[in-house]
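What follows is a short report on a single structure.
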Amino acid sequence: DTFSEIIQNDLELKLFIKTLIKLNIIEGYYSELGFFYPSNQIKSNLLSDLNQKGIIKLGKFNFIHPQILRDIIKDIRITQKDRLLLGKNKISYYSLKKIQEQINREAAKNSVVDLKTYRERLTEEDFINLIKNLPRDYLSNFHKGTQWLTNLGTLRISNEIHSSKIFGFFDILKISKKLKIGSMLLYDVFINIVDDRSGIWDKQSEVFYYSKYLTEKIEKLSSIPDDTEKGIQIDLLAKKLNINKNHIETKLDENLKLIAQEIMTQDQIEIHEYLEKTGMDLESFMNYINDLGMIYFRKADLLILKEEKIEDAKNDIRFMLLDKSKSVDFLNLGNFDIKSNLIKDLMFELLKDGKLIGLFYENEGEILFYTERGISNMMLENSFLFSFTDLFYGKELSPDEIGLIRNIFDDLVARKKLRGNFDEESLTFSSDEVLFAKDYNTVLFEFEKTVNSYIQTFESEYKKIKRIFTKKEDTIIPQEIKLIQEIIDKINGKYVWWRNGLDAFIRRANEKLLKDQGVSVKKYKQMFSAEQKEEIKSFEEDPEVFDQLNNFNSWVRVFNKLEAKYPSIIFYQKRATTNPDDSESNDKLQELLGEIFII
251 DTFSEIIQND LELKLFIKTL IKLNIIEGYY SELGFFYPSN QIKSNLLSDL NQKGIIKLGK
311 FNFIHPQILR DIIKDIRITQ KDRLLLGKNK ISYYSLKKIQ EQINREAAKN SVVDLKTYRE
371 RLTEEDFINL IKNLPRDYLS NFHKGTQWLT NLGTLRISNE IHSSKIFGFF DILKISKKLK
431 IGSMLLYDVF INIVDDRSGI WDKQSEVFYY SKYLTEKIEK LSSIPDDTEK GIQIDLLAKK
491 LNINKNHIET KLDENLKLIA QEIMTQDQIE IHEYLEKTGM DLESFMNYIN DLGMIYFRKA
551 DLLILKEEKI EDAKNDIRFM LLDKSKSVDF LNLGNFDIKS NLIKDLMFEL LKDGKLIGLF
611 YENEGEILFY TERGISNMML ENSFLFSFTD LFYGKELSPD EIGLIRNIFD DLVARKKLRG
671 NFDEESLTFS SDEVLFAKDY NTVLFEFEKT VNSYIQTFES EYKKIKRIFT KKEDTIIPQE
731 IKLIQEIIDK INGKYVWWRN GLDAFIRRAN EKLLKDQGVS VKKYKQMFSA EQKEEIKSFE
791 EDPEVFDQLN NFNSWVRVFN KLEAKYPSII FYQKRATTNP DDSESNDKLQ ELLGEIFII
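Under our numbering, the first residue of the sequence shown carries the number 251, and numbering increases by one thereafter.
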């Protein structure tokens with residue numbers, strides 16, 4: 251209607267529309283049948299299919315001139331973020347984004363994604379483009395042909411490999427079927443993860459037997475005394491494993507030689523990795539390394555092989571030891587990821603150079619190094635009463651070690667951290683600070699604390715002896731007899747000093763307490779009646795002090811009895827063990843054990 255006054259017929263209308271298209275006033279396609287298709291509408295229809303279905307099928311638009319469609323496709327490629335991949339039929343275009351989303355959905359729940367269908371649909375060039383733009387969220391780098399291993403598949407294979415090391419072999423065909431992964435792809439992944447020098451393939455390269463598994467089998471057969479039977483069993487094993495019997499041992503030896511060559515080119519190696527490669531346990535592997543004649547330094551799982559790196563590693567440990575020694579009371583050599591004897595050697599070097607101050611102390615199987623700070627803190631914690639030897643119970647202190655402790659002690663005294671009396675002969679210190687405490691209970695508490703520490707030592711040593719005497723069935727061996735005597739000697743050498751120190755403290759505390767009440771010890775003992783004494787407090791006669799001393803002396807009596815009775819206990823225990831029906835020996839044994847409270 252708008253153009254009815256100037257356009258009289260269809261011919262004029264057709265000419266008018268073609269003129270508008272030619273002048274680029276409108277864009278689209280005007281068909282011979284008189285239909286005009288705007289480019290925007292065509293593009294909108296194509297994009298709708300692309301976004302919803304992931305594909306554009308130009309065959310649906312065969313009524314549009316091919317050049318118009320090519321121009322619109324070109325425009326889509328320029329304006330859209332999505333990439334179009336051309337199908338082999340040249341009239342289909344696929345959304346790369348949609349294909350990537352589909353691949354991710356499959357990869358999230360399957361071990362492999364097969365791209366075969368895409369290869370069949372896409373041109374060779376755009377299939378390569380797809381490969382280059384595969385989504386990496388769920389895919390690994392492993393592939394074979396059109397099969398792509400997913401991250402889930404990689405995890406499943408890794409789990410199977412881990413299990414196979416326990417069982418001793420990896421069966422490609424069985425695991426391929428179980429995981430639904432192509433056998434060739436599975437093989438590629440396996441040899442990428444597992445060093446094939448760590449075992450032997452069967453004749454068809456379908457089953458991989460680990461060296462450890464084969465070695466155990468061979469060692470078991472080697473123990474067969476009859477050579478004929480041994481040969482038969484080796485033949486049966488080779489047949490069962492589908493491996494040439496002569497190949498088993500020669501291949502294992504060849505693998506070990508190759509591994510040795512590799513190790514000798516390394517600066518450092520991870521031990522667990524080579525235990526797996528060689529199939530050895532740790533002891534055998536270290537012997538293997540020693541046989542190679544290599545110089546090494548072991549730090550946890552790391553074996554450092556290059557001399558420069560060994561010295562660097564030692565220096566790192568030296569610096570670490572010096573640094574830690576400034577902030578801790580003691581270093582436990584068992585807590586380091588290096589053999590304790592190596593740590594000890596490095597510490598001796600630092601001690602010799604005067605860079606480290608302290609001493610070694612073995613306590614219940616643990617090797618400890620007490621730092622200058624630690625020794626100082628031990629004295630302060632036990633400032634009521636201590637001797638140098640009590641600080642390190644059971645250790646025979648060398649003159650140098652006594653000198654070291656004395657220097658630390660003198661420093662604490664000079665800084666007025668310790669105040670009291672020091673006995674040069676017994677190397678025992680007793681504090682004045684407690685004696686002059688205003689609170690009587692403070693004096694009593696420190697006394698009880700010291701006595702209890704001695705009693706704990708009595709109990710600990712007593713339990714060691716009790717464990718030996720209460721063994722079932724087995725007789726007491728010479729090493730155990732030696733241990734009993736060592737414990738008794740140690741306690742006998744200690745308790746005299748302990749008791750002298752306690753007695754001296756009681757005397758001094760009593761004198762101070764009576765003096766504060768205006769009474770001397772002599773006057774208290776000679777001049778006061780029982781009624782008068784009740785009004786005076788005496789530390790020496792305090793019931794709690796008496797109980798503590800009585801408990802201490804009870805343990806002394808136990809160890810004195812042990813010293814006297816233990817040879818007889820050993821005698822009767824041996825007789826009772828040899829002849830359980832010997833009632834006389836059993837009765838005598840029970841009587842002796844009862845005397846020292848073992849039963």
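Cβ atoms here follow ideal geometry from the backbone N, Cα and C, with glycine treated the same way.
Kindly indicate which three-state DSSP category residue i falls into: helix, strand or coil?
i: Gly309; result: helix
i: Gln330; result: coil
i: Tyr388; result: coil
i: Gly418; result: coil
i: His315; result: coil
i: Tyr643; result: coil
i: Thr373; result: coil
i: Glu512; result: helix
i: Asn582; result: strand
i: Gly751; result: helix
i: Gly844; result: helix
i: Phe789; result: coil
i: Thr720; result: coil
i: Leu769; result: Reading off the sequence shown, one finds Val at residue 769, where the question assumed Leu. Looking at Val769 - three-state DSSP - the assignment turns out to be coil, as it is neither helix nor strand.
i: Lys303; result: helix
i: Asn760; result: helix
i: Thr700; result: helix
i: Lys667; result: coil
i: Ile731; result: helix
i: Thr725; result: coil
i: Asp503; result: helix
i: Asp831; result: coil
i: Asp603; result: coil
i: Lys576; result: coil
i: Asn565; result: helix
i: Asn632; result: coil
i: Asn217; result: No statement about residue 217 is possible, as the shown extent of the chain runs from 251 to 849 and does not include it.
Could you please give me the residues that DSSP links to residue i through a beta bridge?
i: His497; result: His497 pairs with nothing; no bridge assigned.
i: Val362; result: Leu399
i: Asn613; result: Glu616
i: Lys394; result: Gln397
i: Phe695; result: For Phe695, which the question treats as bridged, DSSP gives no partner whatsoever.
i: Thr678; result: Ser637 and Asp673
i: Leu335; result: Tyr344
i: Thr621; result: Gly608
State yes or no: is the C-beta of residue i within less than 8 Å of the C-beta of residue j?
i: Leu384; j: Thr400; result: no
i: Asn505; j: Ser461; result: yes
i: Trp747; j: Tyr704; result: no
i: Phe420; j: Phe377; result: no
i: Asp299; j: Ile292; result: no
i: Gln798; j: Glu698; result: yes
i: Ser637; j: Leu592; result: no
i: Val769; j: Ile786; result: yes
i: Ser788; j: Leu763; result: yes
i: Glu520; j: Asp551; result: yes
i: Ile498; j: Leu464; result: yes
i: Leu487; j: Ile513; result: no
i: Leu572; j: Leu618; result: no
i: Ile715; j: Leu812; result: yes
i: Leu423; j: Ser361; result: no
i: Glu794; j: Leu635; result: no
i: Leu336; j: Thr396; result: no
i: Ile416; j: Val444; result: no
So residue i is in the alpha helix (DSSP H); what residue range does that whole segment cover?
i: Ile484; result: Asp477 to Leu491
i: Arg825; result: Pro793 to Thr828
i: Asp660; result: Pro649 to Ala664
Which first and last residues belong to the beta strand (DSSP E) in which residue i is found?
i: Glu520; result: Gln518 to Glu520
i: Ser345; result: Ser342 to Ser345
Is residue i a contact residue of the ligand ADP, with contact defined as CB to any heavy atom under 7 Å?
i: Thr528; result: This structure lacks the ligand ADP, and indeed carries no ligand of any kind.
* Asked: Which ranges would you report for the alpha helix (DSSP H) in the stretch 525-561 if only whole runs of at least 4 residues count?
  -> Counting only runs of 4 or more, we get 532-541.
* To do: Could I get the ranges of all uninterrupted alpha helix (DSSP H) runs contained in the stretch 422-483, with 4 residues as the minimum, in chain order?
  => Those alpha helix (DSSP H) runs which fall completely within the stretch 422-483 and span 4+ residues are 422-429, 433-443 and 461-472.
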